[in-house]
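**Q** Starting off with a structure, shown below.
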Amino acid sequence: MNPSRLDLLQGTLDLMVLQTLAAMGQLHGYGIARRIEQVSGNQVLLNQGTIHASLVRLEQRGWISASWGVSSNNRKARFYAITKSGRRQLEQDARDWERLTGVMHRVFSMNKNEEPA
Amino acid sequence: MSDLRRGVARVGAFLRKESLDDRLEDELNAHIDEATDDYLDRGFSPAEARRLALVNLGGVQQARERQREARGLMTLDILLQDLRYTVRKLVNDPGFSIVAVLILALGIGANVAVFSVVNTLMLRPLPFTNPQQLVWIAPPAQKSGLSGATYSTDAYDEFRMYTRSYQDVTGYFAFSGPDNLNLQIDGGAPIPATSIDVIANFFQVLGVQPAMGRSFREEDARNGASPVILLSNAWWKRQFNADPNIVGKAFDMNGHQTTVIGVLPASFDFGAVFAPGTKVDAITPLNLYGPPRDWGNIITFIGRIKPGVTLGQAIGDSAQARSHMCWNNRQPQGCGTSYDPPVPVPLKEYVSGRLHRPLIVLWLAVGMILLIACVNLSNLLLARASARNKEFAMRGALGATRGRIVRQLLTESLVLSAAGALVGLLFAVILVDWFAHQGAVALPLLSELRIDGAALGWTVLIAAFAAILFGLVPGLRTAGGNLHDALKDSGAGTGVGRRHERLRAALVVGEVALACMLLVGAGLLLRSFLKVLDVDLGFSPDRAASIKVDYEDNPADGNGSTQASQNAILARRKAHFQELLAKISAIPGVEASGVSDYLPLGQNRSWGTPFPKGVKPPDKLPAGPLVYVVTPGYLHAMGTNLRGRDFKWDDGPNQPQVVIICKAYAQFLANYAHWPNGDAVGQILDNGGGNLLVIGVADDVHTESVEGDTGWQIYYPTTQTFAIGSELVIRSRIPPSSLAGSVFSTLQSINPKQSKAEFKPIRTIVDHAVSPRRFFMLLVGSFAGLGLVLAALGIYGVISYSVTQRTQEIGIRMALGSTTGRVQGEVLARTLRMAVAGVVLGTIASVAVARLIASLLFGTSPWDVVTYAAMAICLLCVAALSGYLPARRASRISPMVALRSN
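Chain order of the listed sequences is P and X.
Just add 1229 to the spot in the first sequence (first one is 1) and you have the working numbering.
Just add 522 to the spot in the second sequence (first one is 1) and you have the working numbering.
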């Protein structure tokens, strides 16, 4: 294992899954996991097993839907797609996430001698 | 919204686990295959590709678990698992399970039953509308019997008029005796029943609606009104077969056609609230402005305080009304001074206030039983836990966390305790039903007892409490052990085993101490009860019995308002009763007989305080002696000793009025009168107008209570004074019950209208008076017995277990030449060490808390040395016995067998 890989923050995996599905359309479990690893440039320490827990959570909330299909390797697999309410949730979560990163950015760029504005 | 949706989905997933698991399996397989293909494409060998796929997945089992956790209800899953496992375990060990459930059931059952009693008598409000507004109004307590606690009809009117704090005031006639109503249906034999006269507004004030028909109206109680009656629910069912059309029907009652105007609800039981231990079958209206006007103090007051008025204001308001109250408006000199200030007390307090202390003691006693049961269970579980140490160590080694194991153990406790609670509830239902049918016990509200929602809630509460109490210690103990040690610990004599044993011994010591406290309490109550039975009552209740005699004056003799009419009535009564007693005395086996209008420990009244003639009475005379109007022979029949002479049939209306007074009253009068030798016999008393010649002095009789003061009595002859009723008392040489038939047929031959009244041994009257004490003593006694048995079980368990654990050690010692006696002695010594420690602790604790029950004792010190010693010896004997059995087993261990074991 690469020790410099990032641990995932709580709750971020669900967001990544939603975004991946929103961007790529229908995917099966392994496909989603693989895509996230690729996009992160193998920076994220993704325990691929956790993807299935995330998928069942999102499905139970009605943010993604699932159906059986056939993979490119001609194998039976369960394909996931984002739903309408999933997209709404993604939009909102993405906004919150950006606000948080903005705040974090400002916190980290704080200088010792700077007076608060 | 999505949270709700997820919750529903999780429950759904929990319910269809299998199909979802299959789907997950397919999905994970697909995942691995896809990943393997990926790696194959990148040029890895098939084996390596599969390995990498699995590594990246991070373990198939873990992935499965995570998905299930996210999907369903993991906590519930674990709980179900634990439950299944627990039930399997308990079913496999029926000996342990049955003992454990039984112990718990006894503890919980006793607690729930006593809670129901406490709840009914102390916590639950009275079964009336807004019962917190109701008050009992009476003078401050004193010793002139019921007369001193009641008021005249004139006083009632004035009290009602001159108080402002009450919505209304009502009352009932306090002097109705049992079986005062004769119901005659279709010319059959008269059926005796008990009715109470109440003021017409009684049910409005209490807020009780009849179940059928209507309650009384003012006009029902007027002079000349046609007689009406309200039936109690129980009597309506019993006597009238719950006739749904009873309202409006008329029956012959005491010779008058009486119309039934309604049936009271089942929730209203007059006896249960106002006259504990008696049954009241019917209620009739009291005519305030008829003859009762001249009967003196006859009414008890019950008031309903206005909303917003405090009890303190009501007390002040009631006290000021005193100045307006007259004993009799035709004797205005008594106005304003006849009564002490009336004091309202909350009705609930009047009904059951005296019982708070005994109830709390009872509650504590069952609480201790529960503790003892829990300690026993803890002990059993600890013993089991030592046997299961390896099982837990194994589970720990397989990855179970400590929390998980404690959880498993707590689940076991909860299952046991739930089973115990169910069986216990069954016990409680039986016990409460039995309590509720103790009609003869003079405790209020007993018939209202039932297992209600509150009792069920209490059951759940104490079951959970017990489970945590007895499950936690063994749980933590077990789970806290070192895995390594436990796996190696091969049983006897090593680390964990020893620690367990010390803990178990400590628990047993605690248990013995609790049992000791219970025993001491029960012993003190028992001794008090024996002392009460030993009280010299002033009459001898054994071999005597009484029956109510029906007699009616001849209407032609008038109503006693003229001298001639009075004489005619008295003469006819004299003739009747003289003949009656002659015939009764002729029955073989009858030693003495006589008639009195009231019996001791029953109804009573007083007629002022006669004082020695010519001596100036002090300004404030104490309340007068209780009055009994009796025939010649009555005192002898009761077994009351008399100095001087008894009444004679010749003491007629034209002779000087004669009386017999009791010793204590004679003593009191002698202090003022300077009689020769202080002897009252032959002296003359002034009763405020007439002269009374004292012809005899009788023993003091316990007329109001067995345990209280004797009070004073004065006896008038029926030949000179109007008696209110007639109770025939018979003293016999043979058991009185065998005379019942011949006595009744004699009475019927004299008066065909004689009703089939109960032929009651005088002993039952005394028993009734001491019944609350007997009831409490029996309860506390049986709890103490239960505690003793449980403690003995605890001792037996620990000693027996330790003998088993040391089989090897004992075997070796026997092989090395130790004798049977020595091994036995050692085991017994160990038992007694625990027992003595427990007894010492228990005795110290008892001494400390004995003050709590001091007020429940009679003639017994709460630190009564005899009781303490007896109980300590009793406990030590039981302990020795429960230690002896395992000791004997130990001494019979064959060295060969022992050395081969393990």
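The beta carbon of each residue, even a glycine, is placed where N, CA and C say it ideally should be.
Quick check on this structure: which residue in X:Asp1173, X:Glu1249, X:Leu1308 has the alpha carbon closest to the alpha carbon of Lys1282 (chain X)?
**A** What you label residue 1282 (chain X) is simply residue 760 of the second sequence in a count that begins at 1. The residue with the shortest Cα to Cα distance from Lys1282 (chain X) is X:Glu1249.
**Q** Contact criterion: CB-CB distance below 8 Å. Does Gly918 (chain X) meet it with respect to chain P?
**A** Counted from its first residue, the second sequence places residue 918 (chain X) at position 396. No, Gly918 (chain X) lies away from the interface with chain P (no Cβ there is under 8 Å from its Cβ).
**Q** Is Ala1251 (chain P) close to chain X? Criterion is C-beta to C-beta, closer than 8 Å.
**A** The residue labelled residue 1251 (chain P) in the question sits at position 22 within the first sequence. It does not; no Cβ of chain X falls within 8 Å.
**Q** Answer yes or no: do Val1251 (chain X) and Ser1087 (chain X) have a C-beta to C-beta separation smaller than 8 Å?
**A** Taking the second sequence and counting its residues from 1, the one referred to as residue 1251 (chain X) is at position 729. Taking the second sequence and counting its residues from 1, the one referred to as residue 1087 (chain X) is at position 565. Contact: no.
**Q** Please state the DSSP three-state secondary structure of Thr642 (chain X).
**A** Counting from 1 along the second sequence, the entry for residue 642 (chain X) is found at position 120. Of the three classes helix, strand and coil, the one that applies to Thr642 (chain X) here is helix, per DSSP.
**Q** Under the rule that 16 or more other beta-carbon atoms within 10 Å means buried, what is Asn1193 (chain X), buried or exposed?
**A** Residue mapping note: residue 1193 (chain X) aligns to position 671 of the second sequence, counting from 1. Per the 10 Å Cβ criterion, exposed.
**Q** Drop a sphere of 10 angstroms on the beta-carbon of Val657 (chain X), count the other beta-carbons inside from all chains shown, and report buried for 16 or more, exposed for fewer.
**A** On the second sequence, position 135 is the one that residue 657 (chain X) refers to. Answer is buried; the Cβ neighbour count reaches 16.
**Q** I'd like to check one pair, Glu970 (chain X) with Asn1126 (chain X): are the Cβ atoms closer than 8 Å?
**A** Numbered from its first residue, the second sequence carries residue 1126 (chain X) at position 604. Numbered from its first residue, the second sequence carries residue 970 (chain X) at position 448. No. Outside cutoff.
**Q** As a quick exercise: from P:Asn1276, P:Val1285, P:Asn1271, P:Asn1302, pick the residue whose alpha carbon is nearest that of Leu1247 (chain P).
**A** In the first sequence, counting from the first residue as 1, residue 1247 (chain P) sits at position 18. Nearest option by C-alpha distance: P:Val1285.
**Q** Under the assumption that Ile894 (chain X) contacts Leu1312 (chain X) (Cβ atoms under 8 Å), give the Cβ distance between them as a whole number of angstroms.
**A** The sequence position of residue 894 (chain X) within the second sequence is 372, counting from 1. The sequence position of residue 1312 (chain X) within the second sequence is 790, counting from 1. Indeed, because the Cβ distance is near 5 Å, the residues count as touching under 8 Å.
**Q** Please identify, using Cβ separations under 9 Å, the residues of the region 1272 to 1294 of chain P that lie next to chain X, in order along the chain.
**A** Leu1275, Asn1276, Gln1277, Gly1278, Thr1279, Ile1280, His1281, Ala1282, Ser1283, Leu1284, Val1285, Arg1286, Glu1288, Gln1289, Arg1290, Gly1291, Trp1292
**Q** Suppose contacts are defined by Cβ-Cβ distances below 8 Å. Is Pro949 (chain X) in contact with Ala627 (chain X) by that definition?
**A** Within the second sequence, the letter at position 427 stands for residue 949 (chain X). Within the second sequence, the letter at position 105 stands for residue 627 (chain X). It is Phe, not Pro, that sits at residue 949 (chain X) in the sequence shown. Yes. Within cutoff.
**Q** To the nearest angstrom, how far is it from the Cα of Leu978 (chain X) to the Cα of Val802 (chain X)?
**A** Here residue 978 (chain X) refers to the residue found at position 456 of the second sequence. Here residue 802 (chain X) refers to the residue found at position 280 of the second sequence. Rounded to whole angstroms, Leu978 (chain X) to Val802 (chain X) spans 31 Å at the Cα level.
**Q** Report the three-state DSSP secondary structure of His553 (chain X) (helix, strand or coil).
**A** Indexing the second sequence from 1 puts residue 553 (chain X) at position 31. Looking at His553 (chain X) - three-state DSSP - the assignment turns out to be helix.
**Q** Is it right to say Asp1056 (chain X) is buried, meaning 16 or more other beta carbons lie within 10 angstroms of its own, or is it exposed?
**A** Numbered from its first residue, the second sequence carries residue 1056 (chain X) at position 534. It is exposed - the Cβ of Asp1056 (chain X) has fewer than 16 other Cβ atoms within 10 Å.
**Q** Please name the residue, chosen from X:Val1054, X:His1098, X:Pro1122, that lies closest to Ala1066 (chain X) on a Cα-to-Cα basis.
**A** Mapped onto the second sequence, residue 1066 (chain X) falls at position 544. Just measuring C-alpha positions, the residue of X:Val1054, X:His1098, X:Pro1122 sitting nearest Ala1066 (chain X) is X:Pro1122.
**Q** Return the chain-ordered list of same chain residues with a C-beta closer than 7 Å to the C-beta of Ser1300 (chain P), the five sequence neighbours on each side being excluded.
**A** Start at 1 with the first residue of the first sequence, and residue 1300 (chain P) comes out as number 71. Within the same chain, Ser1300 (chain P) has close Cβ partners His1257, Ala1306.
**Q** Using the Cα positions of Val951 (chain X) and Asp604 (chain X), report the straight-line distance between them to the nearest angstrom.
**A** Mapped onto the second sequence, residue 951 (chain X) falls at position 429. Mapped onto the second sequence, residue 604 (chain X) falls at position 82. Answer to the nearest angstrom: the Cα atoms are 31 Å apart.
**Q** Compute the Euclidean distance between the alpha carbons of Gly1254 (chain P) and Ile1311 (chain P), then round it to the nearest angstrom.
**A** Stepping through the first sequence from its first residue, residue 1254 (chain P) is reached at position 25. Stepping through the first sequence from its first residue, residue 1311 (chain P) is reached at position 82. When rounded, the distance between both Cα atoms is 7 Å.
**Q** How about Asn652 (chain X) and Asn745 (chain X): are their beta carbons less than 8 Å apart?
**A** Numbered from 1 along the second sequence, position 130 holds the residue referred to as residue 652 (chain X). Numbered from 1 along the second sequence, position 223 holds the residue referred to as residue 745 (chain X). No. Outside cutoff.
**Q** Quick one, are the C-beta atoms of Gln1346 (chain X) and Ser1413 (chain X) less than 8 Å apart?
**A** Looking up residue 1346 (chain X) in the second sequence gives position 824. Looking up residue 1413 (chain X) in the second sequence gives position 891. Their beta carbons are under 8 Å apart, which means Gln1346 (chain X) touches Ser1413 (chain X) by this criterion.
**Q** Return the chain-ordered list of same chain residues with a C-beta closer than 7 Å to the C-beta of Val1149 (chain X), the five sequence neighbours on each side being excluded.
**A** The sequence position of residue 1149 (chain X) within the second sequence is 627, counting from 1. For Val1149 (chain X), where only same-chain residues beyond five positions count, the Cβ hits under 7 Å are Arg1127, Ser1128, Trp1129, Ile1236, Tyr1238.
**Q** Please determine, among X:Val1400, X:Lys870, X:Arg1355, X:Ile927, the residue with the shortest C-alpha to C-alpha distance to Arg1024 (chain X).
**A** On the second sequence, residue 1024 (chain X) is found 502 positions in, with the first residue counted as 1. Minimum Cα distance to Arg1024 (chain X) is reached at X:Arg1355.
**Q** Mind checking if Pro1232 (chain P) is an interface residue toward chain X, Cβ cutoff 8 Å exclusive?
**A** Translated into the one-based positions of the first sequence, residue 1232 (chain P) becomes position 3. Only weak support is given to the placement of Pro1232 (chain P): the predicted model assigns it a pLDDT of 46, under 50, and the value that follows is read from those uncertain coordinates. False, the Cβ-Cβ gap to chain X never drops below 8 Å.
**Q** Quick one: Cα of Trp849 (chain X) to Cα of Phe823 (chain X), how far?
**A** Taking the second sequence and counting its residues from 1, one reaches residue 849 (chain X) at position 327. Taking the second sequence and counting its residues from 1, one reaches residue 823 (chain X) at position 301. When rounded, the distance between both Cα atoms is 15 Å.
**Q** Could you tell me which of X:Gly793, X:Arg590, X:Gly565, X:Asp816 sits nearest to Thr677 (chain X), measuring between CA atoms?
**A** Counting from 1 along the second sequence, the entry for residue 677 (chain X) is found at position 155. According to the sequence provided, residue 677 (chain X) is Ala. The question's Thr does not apply to it. Comparing Cα positions, the closest option is X:Asp816.
**Q** List the residues that DSSP assigns as beta-bridge partners of Tyr1238 (chain X).
**A** Looking up residue 1238 (chain X) in the second sequence gives position 716. DSSP lists X:Val1151 as partners of Tyr1238 (chain X).
**Q** Enumerate in chain order the residues of its own chain whose CB-to-CB distance from Val1358 (chain X) is below 8 Å, with the five nearest sequence positions on each side excluded.
**A** As a working note, residue 1358 (chain X) is residue 836 in the second sequence. The answer, listed in chain order, is Leu1398.
**Q** So which of X:Thr1382, X:Leu648, X:Val1419, X:Arg1410 has the shortest CA-CA distance to Lys1053 (chain X)?
**A** On the second sequence, residue 1053 (chain X) is found 531 positions in, with the first residue counted as 1. With distances taken between Cα atoms, Lys1053 (chain X) lies closest to X:Thr1382.
**Q** Which runs of the alpha helix (DSSP H) fall wholly inside the region 1092 to 1164 of chain X and span at least 4 residues, in chain order?
**A** 1156 to 1160
**Q** On the three-pair Cβ rule with 8 Å, is the region 1199 to 1216 of chain X touching the region 1170 to 1188 of chain X?
**A** yes
**Q** Does DSSP classify Gly825 (chain X) as helix, strand or coil?
**A** As a working note, residue 825 (chain X) is residue 303 in the second sequence. Three-state result, Gly825 (chain X): strand.
**Q** Given a cut-off of 8 Å on the beta-carbon distance, is the pair Ala1295 (chain P) and Ala592 (chain X) in contact?
**A** Taking the first sequence and counting its residues from 1, one reaches residue 1295 (chain P) at position 66. Taking the second sequence and counting its residues from 1, one reaches residue 592 (chain X) at position 70. It is not a contact, given that the beta carbons lie outside the stated cut-off.
**Q** Is the Cβ-Cβ distance between Val1325 (chain X) and Val1349 (chain X) less than 8 Å?
**A** As a working note, residue 1325 (chain X) is residue 803 in the second sequence. As a working note, residue 1349 (chain X) is residue 827 in the second sequence. Result yes, Cβ atoms of Val1325 (chain X) and Val1349 (chain X) sit closer than 8 Å.
**Q** Going by DSSP in three states, Met916 (chain X) sits in which element: helix, strand or coil?
**A** Within the second sequence, numbered from 1, the residue matching residue 916 (chain X) stands at position 394. Here Met916 (chain X) sits in helix by DSSP.
**Q** For Arg1410 (chain X), which residues of its own chain have a beta-carbon under 7 Å away from its beta-carbon, when the five flanking residues on both sides are left out?
**A** The residue labelled residue 1410 (chain X) in the question sits at position 888 within the second sequence. Correct list, in chain order: Gln1346.
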